[in-house]
């Protein structure tokens with residue numbers, strides 16, 4: 015069974031070393047991200063859970079991350095957009111849970127765009 019989205023986000027933040035995002039080799043960074051188990055879990059959670067379920071809003075409220083709800087929903091429906099756009103939405107989502115981590119992902123999104 016897939017983790018709830020808020021749990022998957024927190025697990026990803028807690029396990030992925032965001033300092034790797036600053037590596038100058040952009041291809042290496044993207045490969046590392048895409049091959050990480052936490053990223054796969056996060057994507058599966060976004061895909062397999064209902065981003066519009068009332069429970070999701072409750073989960074985000076409990077986590078103190080309600081401002082991440084809109085980016086979460088947009089990311090869920092926009093996973094087939096260009097990589098830079100998806101990373102930008104991901105950075106906004108992660109920022110709601112951890113501002114420092116979200117900033118690192120925002121910088122990566124700018125590099126990709």
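Residue numbers (my numbering): 15 to 127. The beta-carbon is built from N, C-alpha and C at its ideal position, and this holds for glycine as well. Since we're looking at a predicted model, the values are computed, not measured.
Setting aside the 5 residues that flank it on each side, residue 112 is surrounded in the same chain by 27, each with a C-beta closer than 7 Å to its C-beta; the list follows chain order. In the DSSP annotation of this structure, residue 94 is not part of any alpha helix (DSSP H), being labelled neither H nor E. Three or more beta-carbon pairs separated by less than 8 Å link the stretch 15-23 to the stretch 47-65, which places the two stretches in contact. For residue 46, the enclosing alpha helix (DSSP H) covers residues 40-49. The Cβ-Cβ distance between residue 89 and residue 105 does not fall below 8 Å.
Taking C-beta atoms as the reference points, residue 76 and residue 97 fail to come closer than 8 Å.
When DSSP states are grouped into helix, strand and coil, residue 72 belongs to the helix group. Straight through space, the alpha carbons of residue 84 and residue 39 are spaced by roughly 31 Å.
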